[in-house]
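Below is one structure, written out as structure tokens; the observations come after it.
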Amino acid sequence: MDNTINSQQMNLFDKLLDKLCLTPAGLFGLVLLFVLPFIPPFNQEYMLRWLIYSGFIASMSVGFDLTAGYINIVNFGYAAVAGFGGYTSALLAINMGLPTWLSMVAGGIGSGLLGLIIGMISLRLRGIFAACLSWFFGLAIMGLATKLVWLTRGPLGLRVPRIFEGDSNAPYYFIIIILLFLIYLVCKWIVRSKIGLAFQAIGQNMDAARTSGINPVNYRVFNFTLSCAIAGVLGGFYAHYYGILTPDIMHTSKTVEVLAVAYIGGRGSLWGGAVIAFPFIFIMEIVRSNLTNLPGLNLVIYALVLILVMIYYPGGFSYFYEMNIRKTKNKILRYFFNGRD
Amino acid sequence: MSNNTVSKFLTWTKSAAGISILATILLAVFAAINAGPYLLVNTIVTGGMLALVATGLTLMLGVLNIAMFAHGEFFMIGSLTAYYVFTPISNYISENPESFVAVIGPLVAIVCAMIVGALSGIVAEKLVFGPLRRRSTDNWVMNSFLLTVGLSVLLINLHQLIFGTEFKGIVGYWSGMPISIADVFVSRDRAMAFVIAAVIIAAFWFFMTYTKTGMSIRAVSQDITGAQIVGIDIEKIVLLTISLACALSAVAGGSLLFMYPSYPTVGLEPLYLAWFVVILSGLGNILGAVAGAFMVALLKAITVEYVGSGWDFVIPSALIMLILIFKPSGIFGSDVRGALDK
């Protein structure tokens, strides 16, 4: 009832925003991200590299949050799945001569299949057991990537063709931002539909969800497949952006990095991790590159923030945003932060 | 009467625990004949130490429901302490090789590692787990697990920040001729490492089974509310358990310093292996963890022997995954779903 009235009142702009799952503030942020490389301090090459890395982690955290925040299973082998996609994509591009964008899609499909397998075999397990299973799976894949030297060249690193000729990193930045937005859009559309409701029901109480007629099998497997396919595409981007691929991308510490960003951003929000990744990774990189005599300080800060958020503010940034910023009294600001609802 | 014992034994051999233990023993005998007894010695030394780390992990899981990801970092703390305590001692020993310090010194370092491990466990509880427990216990298993992930990153990088990334190792604790057992030369350090592990595990088992404090720890692991009703001070037990678990891990790190020099990420390998053990033997099962530790150590030794080094994560983890799929409660565990399933 409310919905029909509201949709009649909406003008075209609001409808478009609603379809794109953005608030005016979100649109502003997106536009800001697009013009950021032209604004003076950020137009230098090294700043651009940090921004690309932030975009990569942001996109990963969106895909990660689809599993962790909705069906409440932490996929601890997420980086390994991304690395698998990266290797698939790189090997296809090298050995079969596939164009890089096509091989990235193939990497996504490969990782999706891997996600299908993980989802299937972890079906009987809950909570910490499922997390352990995906973790061991990730360890096994990383071991394989390290040891199959004839295929992956192991720790020596695989040289991968880059997406674009030339040295400029600007095109990569726009690609990762577009990827970030597309991933967010796909996840948000799914989460807004009935499927998302089923995800949340499964995440909160699987037995209750089953009692009310939701078959957890399909939903859980679908969720894993989609989230891993996203990781695969991003792994492909990572491979074709850096031009060199080592098994390090599959390491558990990479998963922890994504996990920290997703949780500080706020679990179950999708956009929280994406928003927080940019300032957070950026500050970390500044600390790392300016205080080279104190190696590891950035990760100490990282871990401290994660611990403090976990203990004292488990909702993360998105909860803070919902509680404080969105509820503003000012009408214009209210529209800016909420859209027409 | 004797007939009854035999039939009981036969039933046991048909259970998952029986099958896996018998298979392990057969495999060990076969490998020892095929590749030489040194494999068995390696298995026993690593298995003993792994048992220490895994017991601590199981204790945390069983009593506190904390799926500890930072357990390897207490191993690292132990090895770091032992290094800094033992370096001046070894300088003294090299000047006076005949003094009694040559025998006692290494033990002092290992005991220091244990004490520092216990203290750091208490600090972790006071600063990290306690506040979370007081704030909320909703979704405790997952939240505390993620907290330990943060703790792990923090400790690894604090080590890097303060002590640097270079390998801080020693040549050996006890100098002297290796001991010869069945044509295999075992260095004194390895033999002592096994003796230390055996003594500690025996003492720990005795403590858990016969002392009043050990019984109350087991009571808390079975049922917190019930334990509270009979007047057990939960806060005290929690603190004791964490410090015990961390001390076990740290003592393993201290006594293996000659094999694993201390560096920031030294704890990752013991952590992975200890998790394999815990999943294999079932969460929160202490005696099962000891048996599981030897199984995993054997599996690792055999993988290195027959497939090649570097595969020792691929094959064990594949096997553990199979166990997780077909028997999620572990081979010694019961099928009761506990708090950890949520």
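First to last, the protein sequences are chains A and B. Residues 1158 to 1498 in my numbering are what the first sequence spells out, letter by letter. Residues 1365 to 1706 in my numbering are what the second sequence spells out, letter by letter. From the three backbone atoms N, C-alpha and C, an ideal C-beta is built for every residue, glycine too.
- Query: What residues in the stretch 1465–1482 of chain A bring their beta carbon closer than 8 Å to a beta carbon of chain B?
  - Reply: Met1467, Ile1468, Tyr1469, Pro1471
- Message: Among Phe1450/B, Thr1451/B, Ala1466/B, whose alpha-carbon lies nearest the alpha-carbon of Ile1457/B?
- Response: For Ile1457/B, the closest of Phe1450/B, Thr1451/B, Ala1466/B by C-alpha to C-alpha distance is Ala1466/B.
- Can you check DSSP and say which residues form a bridge with Val1550/B? Ile1543/B
- Query: Which residues, in chain order, does the stretch 1509–1526 of chain B contribute to contact with chain A at a C-beta distance below 7 Å?
  - Reply: Phe1509, Leu1510, Leu1511, Val1513, Gly1514, Leu1515, Val1517, Leu1518, Asn1521, Leu1522, Gln1524, Leu1525
- Separation of Ala1250/A from Lys1488/A, as counted between CA atoms: Between Lys1488/A and Ala1250/A, the C-alpha separation is close to 53 Å.
- Task: Would you mind giving the Cβ-Cβ distance between Leu1416/B and Thr1605/B, rounded to the nearest angstrom? I have them listed as a contact below 8 Å.
- Result: Actually they are not in contact, since the Cβ atoms of Leu1416/B and Thr1605/B sit about 15 Å apart, beyond 8 Å.
- Query: From Ile1209/A, Ile1196/A, Trp1207/A, Asp1222/A, pick the residue whose C-alpha is nearest to that of Gly1429/A; which is it?
  - Reply: Asp1222/A
- Message: Using 8 Å for Cβ pairs, my map puts Cys1344/A next to Ile1275/A. What's the rounded Cβ distance?
- Response: That pair is no contact at about 18 Å.
- Task: Indicate whether at least one CB of chain B lies closer than 8 Å to the CB of Lys1411/A.
- Result: no
- Rounded to whole angstroms, what's the CA-CA distance from Gly1476/A to Tyr1470/A? Just pull it up for me. According to the sequence displayed, residue 1476/A carries Tyr and not Gly. Straight-line Cα distance between these residues: approximately 9 Å.
- Query: At which residues does the alpha helix (DSSP H) containing Met1299/A begin and terminate?
  - Reply: 1284–1304
- Quick one: what's Lys1532/B bridged to in DSSP? Ser1626/B
- Query: Which term fits Met1253/A, buried or exposed, when burial requires 16 or more other beta carbons within 10 angstroms of its beta carbon?
  - Reply: exposed
- Distance, Ala1225/A Cα to Ala1182/A Cα: 25 Å
- If Gly1264/A sits next to Ser1246/A, beta carbons under 8 Å apart, how far is it from one beta carbon to the other, in whole angstroms? 3 Å
- Contact set between Phe1294/A and chain B, taken where Cβ atoms lie within less than 7 Å: Met1685
- Message: Please list, in chain order, the residues of the stretch 1496–1508 of chain B that have any C-beta partner in chain A closer than 7 Å.
- Response: The stretch 1496–1508 of chain B vs chain A, Cβ under 7 Å: Leu1496, Arg1499, Val1505, Met1506, Asn1507.
- Task: Return helix, strand or coil for Arg1582/B, following the three-state DSSP convention.
- Result: helix
- Message: Under DSSP, the alpha helix (DSSP H) around Ala1418/B begins and ends at which residues?
- Response: 1402–1423
- Query: Which residues does DSSP pair with Ile1401/A in a beta bridge?
  - Reply: Arg1316/A
- Item | Extent of the continuous alpha helix (DSSP H) run through Gly1370/A | Where Gly1370/A is concerned, there is no enclosing alpha helix (DSSP H), given that its DSSP letter is neither H nor E.
- Compute the Euclidean distance between the alpha carbons of Phe1640/B and Asp1175/A, then round it to the nearest angstrom. When rounded, the distance between both Cα atoms is 47 Å.
- Taking 8 Å as the CB-CB limit, is Gly1300/A close to chain B? yes
- Is the CB of Pro1452/A under 8 Å away from at least one CB in chain B? Pro1452/A has a beta carbon lying within less than 8 Å of a beta carbon in chain B.
- Task: Starting from Gly1469/B, trace the alpha helix (DSSP H) both ways and give me its first and last residue.
- Result: Annotation: the continuous alpha helix (DSSP H) that includes Gly1469/B extends over 1465–1488.
- Query: Would you call the stretch 1469–1481 of chain B and the stretch 1607–1619 of chain B touching, i.e. three or more CB-CB distances under 8 Å?
  - Reply: yes
- Message: Against chain A, with Cβ distances strictly below 8 Å, would Ser1384/B count as a contact?
- Response: no
- Task: With DSSP collapsed to three states, give me the class of Asn1368/B.
- Result: It is helical.
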